[in-house]
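**Student:** Got a structure for you, written out below as C-alpha cells; questions coming shortly.
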Amino acid sequence: MAEWIDPALKTRKGWPGAGTAIRQAHAPQTLDDLQPNAPARARLAYDELFAHQLTLALARTRARRAAGMSSRATGAHQSRVLQALPYRPTGAQNRAMQEIADDMAAPLRMNRLLQGDVGSGKTLVAFMSLLVAVEAGGQGVLMAPTEILARQHLEALRPLADAAGVVLEVLTGRDKGSERHLKLAALERGDIHVLVGTHAVFQQDVVFRDLRLAIVDEQHRFGVRQRLELADKGAGADVLVMTATPIPRSLALAQYGDMNVSILDEKPPGRKPIKTAVVGAERIDEVVDHLRAAVAEGRQCYWVCPLVEESERVDLTAAEDRFKRLRAALGDDVVGLVHGQMAPADKDAAMAAFVSGASQVLVATTVIEVGVNVPNATIMVIERAESFGLAQLHQLRGRVGRGEGASTCLLLYQPPLSGNGRKRLNILRKTEDGFRISEADLAMRGVGDLIGTAQSGLPRFQVADLERQASLMAVAQSDARKLLADDPGLETDRGRAARLLLWLMRQNKAIRLISVG
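Residue numbers (my numbering): 5 to 521.
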C-alpha cells in the first residue's frame with residue numbers, strides 16, 4: 005500500500021483525521037476519557053470507524069465501476085405470481101422488491117444484501133427478483149449452501165414458477181451422467197430460466213446463456229471468492245445476498261458497508277407466536293410423554309441434538325443415541341434421523357418421510373437450521389440448548405410456527421447453567437424478535453473480525469464500541485462515501501490525509517481482501 009502514501013504526510017502536522025487520533029492517543033488520559041460517550045474516546049473511535057468505512061466504500065466504488073447490465077421488469081411473470089398468492093405481500097416485501105428492481109434496471113452492477121427475520125418472506129422477494137431477470141430476457145440462479153436447503157427452495161418455488169410460466173430446475177453434486185448433461189445443455193440454450201443449486205453451480209462446465217441475477221442464500225457460509233465466481237458466470241450479473249440472521253444496524257453497516265441493504269422487518273399476517281419454555285434435563289421423561297401425546301394427535305416434532313456421535317471429551321447427547329432412545333419409546337416408524345454425515349440418499353429419504361408425515365418425530369443436528377419448512381411441525385425440542393448460540397437457537401425455533409397450529413419450543417438444558425447460558429435462554433423465552441435477539445447477542449459475544457475470519461469473541465475495533473457508539477458508524481459511513489464522491493482519487497488534502505489514516509489503521513490487508521468480496 006506504499007503507493008498510497010505521500011511521505012510528506014507522515015511528518016505533516018495539523019492534517020484532519022488520523023493526526024488528531026495520534027495526538028489524542030499520546031495525551032494524558034483520565035478514567036472519564038475512557039467512557040464510550042467521552043469526547044476523547046468518541047474522536048478516536050470515529051477515526052477508527054471512518055478508516056473501516058472508507059475501506060468498504062473503496063471496495064463499493066471499485067465494484068460499481070464494473071460494467072453492469074440493465075434488466076427492466078415488464079411485470080408479465082410477476083403479476084401472475086401475485087394473483088396466485090393466497091395472501092398479499094407485506095409492506096417490507098413490496099419495498100424490498102422495488103429497491104431490487106430499481107437496482108437491476110440501473111446500468112451499474114447491483115450489490116445488495118437482503119436480510120430478514122425468520123418467516124419474514126425472503127423467498128418470495130428472491131423469486132420476484134429472479135423474475136425481473138427472466139422478464140428482461142435473461143436467467144437467474146439461486147445458490148444455497150446445502151442440498152437440503154436447495155431442494156427446500158425448489159419445492160417452495162415450484163408452485164410460483166408454475167404460476168409464472170417459467171422453467172425452474174435444480175443442480176446439485178448428485179446430478180451425474182446423462183441427466184446432468186441434459187440440464188447443462190438446457191441451461192446453456194436458455195431453456196432453463198431459473199436455476200437453484202449448491203456448490204455444483206461453480207463448476208466450469210456450468211454455462212448460462214444470459215445470467216442476469218445471482219442470489220446467494222445464507223451468504224456467511226460461502227467464501228468471497230466463491231461469490232465472485234458465481235457472479236462472473238454472467239458478464240455484469242447483478243448480485244443479491246440473503247441472510248436469515250437479523251443483524252443490528254451498527255453491525256450491518258460495519259459488515260456490509262460496501263452494499264446496499266434491504267430489510268424485511270415485518271412478518272406476513274397469520275403467523276402465530278411460538279410458546280418457548282426452558283426445561284431442565286432431569287425432566288426429559290416428561291418431554292417424551294408430551295411428545296407421545298402430540299404424536300397421537302397427529303402433530304410432528306423436531307428434536308435437535310448438538311452432536312452426531314457420543315464424544316468422551318464433550319458431554320453432549322448425540323443424535324444417533326437420542327434417535328435410538330426415542331425410537332424405543334415412541335415406535336420404530338415414528339422417529340426419523342437426519343445429520344450431515346449421512347449419505348445424501350438416506351438424508352433425502354428421511355426428510356421426505358418427515359415432510360409427507362410418514363414419520364412424526366425428526367431427530368436432527370443443526371443441518372435443519374435454515375430452510376426446512378414443514379407446516380405440520382409444531383414442536384421443537386433443542387437438547388443442551390445452553391451450548392448453542394442465540395442466533396442459532398432463534399433460527400432453529402423458526403422451523404416451527406409455520407402452519408395453523410399453535411407451536412412450542414422446548415429448550416432443554418443441563419444444570420448448572422453459567423451466567424451467560426442463563427441469559428441466552430431467558431432472552432429466547434422472552435422474545436421472538438430476531439433483531440432484539442441479535443442486539444443482545446452483540447452485547448454478550450462481542451463483534452468479531454468483520455473483514456477477516458473470526459465471527460465472534462473480542463471486537464476487532466480497538467477503540468470503537470459498536471454497541472454503545474452505533475450512531476458513530478452511520479456518521480462514518482456517510483462521511484466516507486461523501487469523501488469518495490467528492491474526491492474519488494483521494495488527491496485533496498483531506499483525501500491524502502485519509503490515505504495516511506488507512507495506513508495507520510492497517511487497513512491495507514482489509515482493502516485487498518474486500519476488493520474481491
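Even for Gly, the Cβ is constructed at its ideal location relative to N, Cα and C.
For a minimum of 3 consecutive residues, which ranges assigned as the beta strand (DSSP E) are wholly contained in the stretch 51-129?
**Tutor:** Correct list: 115-120.
**Student:** For E183, which residues of its own chain have a beta-carbon under 6 Å away from its beta-carbon, when the five flanking residues on both sides are left out?
**Tutor:** Excluding residues within five positions, none has a Cβ falling inside 6 Å.
**Student:** Under the DSSP definition of a beta bridge, which residues are partnered with N424?
**Tutor:** DSSP lists no partner for N424.
**Student:** Is M246 helix, strand or coil by DSSP?
**Tutor:** M246 falls in the strand class under three-state DSSP.
**Student:** Return yes when the Cβ of G340 is within less than 7 Å of the Cβ of T382, no when it is not.
**Tutor:** No.
**Student:** To which residues of the same chain is R428 closer than 6 Å at the C-beta, ignoring the five residues directly before and after it?
**Tutor:** Answer for R428: L394, listed in chain order.
**Student:** Does the pairing of the stretch 102-119 with the stretch 52-62 give three or more beta-carbon distances under 8 Å?
**Tutor:** No: fewer than three Cβ pairs fall under 8 Å.
**Student:** Which of helix, strand or coil does DSSP assign to T370?
**Tutor:** Residue state, collapsed to three classes: helix.
**Student:** With a Cβ-Cβ cutoff of 7 Å, do A323 and C309 count as a contact?
**Tutor:** Going by C-beta atoms, A323 is nearer than 7 Å to C309.
**Student:** Taking E286 as the reference, give the member of A44, R498, Y417 and Q143 with the closest Cα.
**Tutor:** The shortest Cα separation from E286 among A44, R498, Y417 and Q143 belongs to Y417.
**Student:** Here's a check: name, in chain order, each residue in its chain whose Cβ is nearer than 8 Å to the Cβ of D195, leaving out the five neighbours to either side.
**Tutor:** For D195, where only same-chain residues beyond five positions count, the Cβ hits under 8 Å are V171.
**Student:** I'd like the list of long-range same chain contacts for A333, defined as Cβ closer than 7 Å, with 5 residues on each side in sequence excluded.
**Tutor:** Counting only Cβ-Cβ distances below 7 Å, and skipping sequence neighbours, we find V292.
**Student:** Run through the stretch 140-203 for me and flag every whole alpha helix (DSSP H) of 4 or more residues, listed as ranges in chain order.
**Tutor:** DSSP runs (the alpha helix (DSSP H)) wholly in the stretch 140-203: 151-168 and 181-193.
**Student:** Work out the CA separation of E443 and G425 for me, nearest whole Å.
**Tutor:** Approximately 16 Å between the Cα atoms of the pair.
**Student:** Could you spell out the range, first to last residue, of the alpha helix (DSSP H) harbouring M355?
**Tutor:** M355 -> alpha helix (DSSP H) spans P348 to S360.
**Student:** The beta strand (DSSP E) with S266 in it runs from where to where?
**Tutor:** N264 to L268 is the extent of the beta strand (DSSP E) around S266.
**Student:** In terms of alpha-carbon separation, which member of P272, G361 and G284 lies closest to E301?
**Tutor:** For E301, the nearest C-alpha among the options comes from G361.
**Student:** Kindly give me the distance between the Cβ atoms of R178 and R193, rounded to whole angstroms, as I take these residues to be in contact under 8 Å.
**Tutor:** With a Cβ gap of about 23 Å, R178 and R193 do not count as contacting.
**Student:** Among Y91, V283 and D209, which one has its Cα closest to the Cα of P419?
**Tutor:** Of Y91, V283 and D209, the residue nearest in Cα terms is V283.
**Student:** Use the C-beta contact count for V211: other C-beta atoms within 10 angstroms, 16 or more gives buried, fewer gives exposed.
**Tutor:** It counts as exposed.
**Student:** How far does the alpha helix (DSSP H) with V291 in it extend, from its first residue to its last?
**Tutor:** Where V291 is concerned, the enclosing alpha helix (DSSP H) stretches over I288 to A300.
**Student:** Is it buried or exposed, Y91, if we count other Cβ atoms within 10 angstroms and call 16 or more buried?
**Tutor:** Counting Cβ neighbours within 10 Å, Y91 comes out exposed, since fewer than 16 surround it.
**Student:** Answer with yes or no whether the minimum CB distance from V210 to chain D is below 7 Å.
**Tutor:** Included in the structure is just one protein chain, with no chain D present.
**Student:** Just verifying my parser: in three-state terms, what is the DSSP assignment at V210?
**Tutor:** The answer is coil: DSSP assigns V210 none of H, G, I, E or B.
**Student:** Using the Cα positions of G452 and D51, report the straight-line distance between them to the nearest angstrom.
**Tutor:** With a pLDDT of 49 at G452, under the threshold of 50, the predicted position of this residue should be treated as unreliable, though the coordinate-derived value follows. Approximately 19 Å, taken between the alpha carbons.
**Student:** Which first and last residues belong to the beta strand (DSSP E) in which D497 is found?
**Tutor:** Run containing D497: none in the beta strand (DSSP E); it sits in the alpha helix (DSSP H), D497 to L508.
**Student:** Is the CB-CB distance between A281 and L414 below 7 Å?
**Tutor:** The answer is yes: Cβ separation under 7 Å.
**Student:** Following the continuous alpha helix (DSSP H) through D325, name the residue where it begins and the one where it ends.
**Tutor:** That run of the alpha helix (DSSP H) goes A323 to L334.
**Student:** Taking A480 as part of the beta strand (DSSP E), name the residues at either end of that continuous run.
**Tutor:** No beta strand (DSSP E) contains A480, which is instead part of the alpha helix (DSSP H) from A474 to D490.
**Student:** Identify whether A218 lies in helix, strand or coil by the three-state DSSP scheme.
**Tutor:** Here A218 sits in strand by DSSP.
**Student:** Looking at C-beta atoms only, is the number of pairs between the stretch 265-274 and the stretch 139-147 that lie closer than 8 Å three or more?
**Tutor:** They do not touch, by the three-pair rule.
**Student:** Using a Cβ-Cβ cut-off of 6 Å (strictly less than) and excluding sequence neighbours within five positions of R433, which residues of its own chain qualify?
**Tutor:** Contacts found: T280 and V282.
**Student:** By DSSP's criteria, K279 is part of a beta bridge. Which residues make up the other side?
**Tutor:** BP columns for K279 point to T412.
**Student:** How big is the Cα-Cα spacing for G169 and L128?
**Tutor:** Computed Cα separation, rounded: 16 Å.
**Student:** Taking three-plus beta-carbon pairs below 8 Å as touching, is the stretch 141-159 in contact with the stretch 199-207?
**Tutor:** In short, these stretches touch, since the Cβ pair count reaches three.
**Student:** Could you check where the alpha helix (DSSP H) with Q364 kicks off and where it finishes?
**Tutor:** Neither: Q364 is in no alpha helix (DSSP H) and is coded neither H nor E.
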